[in-house]
Amino acid sequence: MNFGFLIFPGMEELDLVGPWGMTSFWGKHAAGPEKCIMVGQSLDPVICDKGISINPHVTFSDCPPSIFSSSPVGRARAGRCTIPR
472 MNFGFLIFPG MEELDLVGPW GMTSFWGKHA AGPEKCIMVG QSLDPVICDK
522 GISINPHVTF SDCPPSIFSS SPVGRARAGR CTIPR
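The opening residue of the sequence shown carries number 472 in the working numbering; numbering runs sequentially from there.
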């Protein structure tokens, strides 16, 4: 089982890092997801709101099956993210 995190330019860094840490801990210590993956529109680095650069592991089109997914939007970014098709 995988846990996918959807990442996009301008996202709030803490909305990814906190859940990533908890999900990784869950997977290692309590029969949670085997693997955490970051899913982006492309494999290009994603620049977050405060300037941190994050590299996606996979794209939307090559993402392995994931039972869970999380999108690190945060209140400051809610409704402001658009991803071109």
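Ideal Cβ positions, reconstructed from N, Cα and C, are used throughout, including at glycine.
7 Å CB neighbourhood of residue i in its chain, flanking five on each side removed
| i | result |
| --- | --- |
| Phe503 | The residue you asked about is not Phe; residue 503 is Gly in the sequence shown. For Gly503, where only same-chain residues beyond five positions count, the Cβ hits under 7 Å are Thr494 and Trp497. |
Given residue i as reference, the closest of the options once Cα atoms are compared
| i | options | result |
| --- | --- | --- |
| Gln512 | Ser541, Leu487, Asp533 and Gly522 | Asp533 |
| Ile538 | His528, Pro490, Glu505 and Asp515 | Glu505 |
| Lys499 | Ser542, Ser540, Leu485 and Asn473 | Asn473 |
Exposure label - residue i; buried when at least 16 CB within 10 Å
| i | result |
| --- | --- |
| Leu514 | exposed |
Close-in-space but distant-in-sequence residues of the same chain around residue i (CB under 6 Å, 5 per side omitted)
| i | result |
| --- | --- |
| Glu520 | The residue you asked about is not Glu; residue 520 is Asp in the sequence shown. Answer for Asp520: Gly481 and Glu483, listed in chain order. |
| Ser541 | Phe476 and Pro490 |
Beta carbon of residue i nearer than 8 Å to that of residue j
| i | j | result |
| --- | --- | --- |
| Gly527 | Ile478 | The question names Gly, yet the displayed sequence has Pro at residue 527. Against a cut-off of 8 Å, the Cβ pair of Ile478 and Pro527 comes out as a contact. |
| Met509 | Phe476 | yes |
Sequence-distant residues of the same chain with beta carbon closer than 8 Å to residue i, five excluded per side
| i | result |
| --- | --- |
| Ala547 | Its pLDDT being 46, under 50, Ala547 is placed unreliably by the model, and nothing is read from it. |
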